[in-house]
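Here the structure comes first, spelled out in structure tokens, and everything after it is commentary.
Number of protein chains: 2
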Amino acid sequence: MHTCFVPELAVGLVALPEEEAQHVVRVLRTKPGDVLRLVDGEGRWAEAMVVGTNRKACQVRIDQVFIESETRPGGLVLVVAPTKSMDRFEWLLEKGTELGVEAFIPVWTERSERRIEKPDRWEKVLVAATKQCYRFWKPKLHAAVALSDMWTDHPWLQECQGAVAHCMSSISDIPSRVAWSDWQTSRSRAWLAIGPEGDFSEEEVRTMVLRGATPVHLGELRLRTETAGMSAAAQFGRFA
Amino acid sequence: MHTCFVPELAVGLVALPEEEAQHVVRVLRTKPGDVLRLVDGEGRWAEAMVVGTNRKACQVRIDQVFIESETRPGGLVLVVAPTKSMDRFEWLLEKGTELGVEAFIPVWTERSERRIEKPDRWEKVLVAATKQCYRFWKPKLHAAVALSDMWTDHPWLQECQGAVAHCMSSISDIPSRVAWSDWQTSRSRAWLAIGPEGDFSEEEVRTMVLRGATPVHLGELRLRTETAGMSAAAQFGRFA
Numbered sequence: 004m005h006t007c008f009v010p011e012l013a014v015g016l017v018a019l020p021e022e023e024a025q026h027v028v029r030v031l032r033t034k035p036g037d038v039l040r041l042v043d044g045e046g047r048w049a050e051a052m053v054v055g056t057n058r059k060a061c062q063v064r065i066d067q068v069f070i071e072s073e074t075r076p077g078g079l080v081l082v083v084a085p086t087k088s089m090d091r092f093e094w095l096l097e098k099g100t101e102l103g104v105e106a107f108i109p110v111w112t113e114r115s116e117r118r119i120e121k122p123d124r125w126e127k128v129l130v131a132a133t134k135q136c137y138r139f140w141k142p143k144l145h146a147a148v149a150l151s152d153m154w155t156d157h158p159w160l161q162e163c164q165g166a167v168a169h170c171m172s173s174i175s176d177i178p179s180r181v182a183w184s185d186w187q188t189s190r191s192r193a194w195l196a197i198g199p200e201g202d203f204s205e206e207e208v209r210t211m212v213l214r215g216a217t218p219v220h221l222g223e224l225r226l227r228t229e230t231a232g233m234s235a236a237a238q239f240g241r242f243a
Numbered sequence: 004m005h006t007c008f009v010p011e012l013a014v015g016l017v018a019l020p021e022e023e024a025q026h027v028v029r030v031l032r033t034k035p036g037d038v039l040r041l042v043d044g045e046g047r048w049a050e051a052m053v054v055g056t057n058r059k060a061c062q063v064r065i066d067q068v069f070i071e072s073e074t075r076p077g078g079l080v081l082v083v084a085p086t087k088s089m090d091r092f093e094w095l096l097e098k099g100t101e102l103g104v105e106a107f108i109p110v111w112t113e114r115s116e117r118r119i120e121k122p123d124r125w126e127k128v129l130v131a132a133t134k135q136c137y138r139f140w141k142p143k144l145h146a147a148v149a150l151s152d153m154w155t156d157h158p159w160l161q162e163c164q165g166a167v168a169h170c171m172s173s174i175s176d177i178p179s180r181v182a183w184s185d186w187q188t189s190r191s192r193a194w195l196a197i198g199p200e201g202d203f204s205e206e207e208v209r210t211m212v213l214r215g216a217t218p219v220h221l222g223e224l225r226l227r228t229e230t231a232g233m234s235a236a237a238q239f240g241r242f243a
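This is the structure:
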């Protein structure tokens, strides 16, 4: 059954958003009588019968809206420096969604080489992946922020435990790295900061550690930014 | 330090392979006296000093070849149906390399929609990723094979324990799925079969189970083929 993203789900006759309508009508050639699965990305879903279509519109009837969960399930929050290559960052957004990431906070760091934010485009990636993988809650995409402003913009981060992944063998005055796979074992909610291609600076790591973050590594091989995020998400919560 | 892939590493004066030579000369503008890191993807590496360059060639001097390990470390063998989208399969090759996959066996299944094999192109992806992530052993890429011929072409698979990931809630006559994250915990070497977009057929799963494979799932969400492979690789061996 095809899934459509419909931000405002309500019982009754509903017109699908234009983009969804065009897709189901033109590409899938949906006809009256067909049934679609609708999700709002905020924990609600419905099955809806198509009652009318034309080239640009699709009207459906919703008899019942189901609430999968009232509140966003806590999970892994990825604080991540967007990669130089837009493709690689979008790929992380897609894979993170499939792997259950709760939220993304794009951060600009000392060594971030590109600072182009594409919130609309990124949001589309999250919506498509949410539909594809049958999630009920779309990951939250926060506005990009300078790493130094993160604590001011997101005071809630202090309520959950955090870690910072870096590739330096040692940094003076801070503890050695532990394996992320070990650290995350007993957590149901946490944030993890992942740096840009050139890694965080020592000072950036030190600042995060002073704020309570644990320095972690993700294994012996040198992972690209997007692989680090995906790998951490694939491990998170899987091993209690 | 830049890494070059040099299949035949030996002490003495060595000409880099043409493609590597062009890259270090034209793109990186390497000069005599610069030092490069060379790997052969078969467990050996060296540091080499550039002694001469021209537009198409780069000669280096190797004083010592180090052997990181004599034999290919056993790990996860991914038996995977190439995706319709070539990009997505190449992503999996790249990410699997970064995440330590031992070997890939592309398989054609009942529901494989495209059956185009690009061994040269795929090999290039593996080489690039091996260099990037500092692996000493490049993953082995086997020739694509029909799933039904896999046991004949790869009798060695019977020597290591295997699992098959599928999305069906139950299949008659075979055990229910267990979580891959649990199943893999105590293994240092294993193979995992991952199906195409439309999943394996019941019969394909049944045949693999009769050959000793354990049916597994990779979590609650519906993962794309390449996400399933990467996620399984990210978890493998991380939790003893």
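Just so you know, the protein sequences line up as chains A and B, in that order. Letter 151 of the first sequence, counting from 1, is numbered 154 in this note's numbering, and no numbers are missing. Letter 155 of the second sequence, counting from 1, is numbered 158 in this note's numbering, and no numbers are missing. Even glycine gets a Cβ: it sits at the ideal position worked out from N, Cα and C. Being a predicted model, the structure only gives us computed values, none of them experimental.
Other residues of its chain near residue i: CB distance less than 6 Å, five sequence neighbours each side excluded
i                 : result
Ser-115 (chain B) : Ala-84, Pro-199
Gly-44 (chain A)  : Thr-133, Lys-141
His-157 (chain B) : none
Ile-108 (chain B) : Val-82, His-145
Asp-37 (chain B)  : Val-53
Pro-10 (chain A)  : Asp-43
Thr-33 (chain B)  : Val-27, Val-53
Close Cβ partners of residue i (< 7 Å) along its chain, the five nearest in sequence each way excluded
i                 : result
Glu-207 (chain B) : Thr-112, Glu-113, Leu-150
Arg-214 (chain B) : Trp-154
Thr-100 (chain B) : Leu-129, Ala-132, Thr-133, Cys-136, Arg-138, Pro-142
Gln-25 (chain B)  : Lys-59
Trp-194 (chain A) : Val-80, Val-82, Leu-160, Cys-163, Gly-165
Leu-221 (chain B) : Ala-168, Trp-183, Ala-231, Ser-234, Ala-235
Pro-20 (chain A)  : Val-9
Rounded distance between the beta-carbons of residue j and residue i, thought under 8 Å
i                 : j                 : result
Trp-183 (chain A) : Gln-135 (chain A) : Between Gln-135 (chain A) and Trp-183 (chain A) the Cβ distance is about 26 Å, and since that is not below 8 Å, they are no contact.
Leu-16 (chain B)  : Arg-64 (chain B)  : 6 Å
Gly-248 (chain A) : Arg-192 (chain A) : This structure leaves residue 248 (chain A) out entirely; chain A is present only between 4 and 243.
Glu-105 (chain B) : Leu-79 (chain B)  : 6 Å
Val-110 (chain B) : Val-167 (chain B) : About 11 Å separates the two Cβ atoms, so there is no contact after all.
Residue i, buried or exposed, once every other Cβ within 10 Å from all chains shown has been counted against 16
i                 : result
Gln-187 (chain B) : buried
Val-53 (chain B)  : buried
Ile-70 (chain B)  : exposed
Arg-29 (chain B)  : exposed
Val-27 (chain B)  : buried
Gly-55 (chain A)  : exposed
Leu-31 (chain B)  : exposed
Thr-74 (chain A)  : exposed
Ala-231 (chain A) : buried
Ala-51 (chain B)  : buried
Ala-196 (chain A) : buried
Val-212 (chain A) : buried
Ala-49 (chain B)  : buried
Residue i - partner residues in DSSP beta bridges
i                 : result
Gln-164 (chain B) : B:Ala-193
Leu-39 (chain B)  : B:Ala-51
Lys-143 (chain B) : B:Ala-106
Glu-45 (chain B)  : B:Trp-140
Ile-65 (chain B)  : B:Gly-15, B:Ala-51
Ile-70 (chain B)  : B:Arg-47
Thr-56 (chain A)  : A:Cys-61
Pro-218 (chain B) : B:Val-167
Phe-8 (chain A)   : A:Val-42
Trp-183 (chain A) : Its beta-bridge partners do not exist; DSSP assigns none.
Leu-79 (chain A)  : A:Ala-193
Ala-84 (chain A)  : Per DSSP, none; premise fails for Ala-84 (chain A).
Residue nearest to residue i in terms of C-alpha spacing, selected from the options
i                 : options                                    : result
Gln-67 (chain A)  : A:Leu-195, A:Ile-177, A:Ala-13, A:Glu-105  : A:Ala-13
Arg-118 (chain B) : B:Phe-92, B:Leu-102, B:Glu-105             : B:Phe-92
Arg-124 (chain B) : B:Val-167, B:Val-104, B:Cys-61, B:Ala-146  : B:Ala-146
Lys-127 (chain B) : B:Arg-241, B:Ala-18, B:Glu-22              : B:Glu-22
Gln-62 (chain B)  : B:Thr-86, B:Pro-35, B:Ala-49, B:Leu-81     : B:Pro-35
Arg-40 (chain A)  : A:His-5, A:Arg-32, A:Thr-33                : A:His-5
Ser-172 (chain A) : A:Glu-205, A:Gly-165, A:Ile-197            : A:Glu-205
Ala-235 (chain A) : B:Lys-98, B:Thr-74, B:Trp-94               : B:Lys-98
Ile-174 (chain B) : B:Val-219, B:Pro-158, B:Gly-165            : B:Val-219
Glu-229 (chain A) : A:Ser-179, A:Phe-8, A:Pro-10, A:Asp-202    : A:Asp-202
Arg-225 (chain A) : B:Gly-103, B:Arg-190, B:Ala-51             : B:Gly-103
Ser-72 (chain B)  : B:Glu-120, B:Met-211, B:Thr-217, B:Val-42  : B:Val-42
Met-233 (chain B) : B:Leu-95, B:Pro-20, B:Lys-87, B:Ala-49     : B:Leu-95
Ser-88 (chain A)  : A:Glu-120, A:Phe-107, A:Ile-108            : A:Glu-120
Arg-180 (chain A) : A:Met-211, A:Thr-217, A:Thr-210, A:Ser-189 : A:Thr-217
Arg-227 (chain B) : B:Thr-86, B:Asn-57, B:Thr-33, B:Ala-18     : B:Thr-86
Cys-170 (chain B) : B:Cys-7, B:Pro-122, B:Glu-223              : B:Glu-223
Cβ-based neighbour list, residue i, same chain, cut-off 8 Å, excluding 5 preceding and 5 following
i                 : result
Arg-209 (chain A) : Ile-174, Asp-176, Ile-177
Asn-57 (chain B)  : Val-28
Residues of the segment 162-192 of chain A whose Cβ lies closer than 7 Å to any Cβ of chain D, in chain order:
Given the protein chain composition of this structure (A and B), no chain D is represented.
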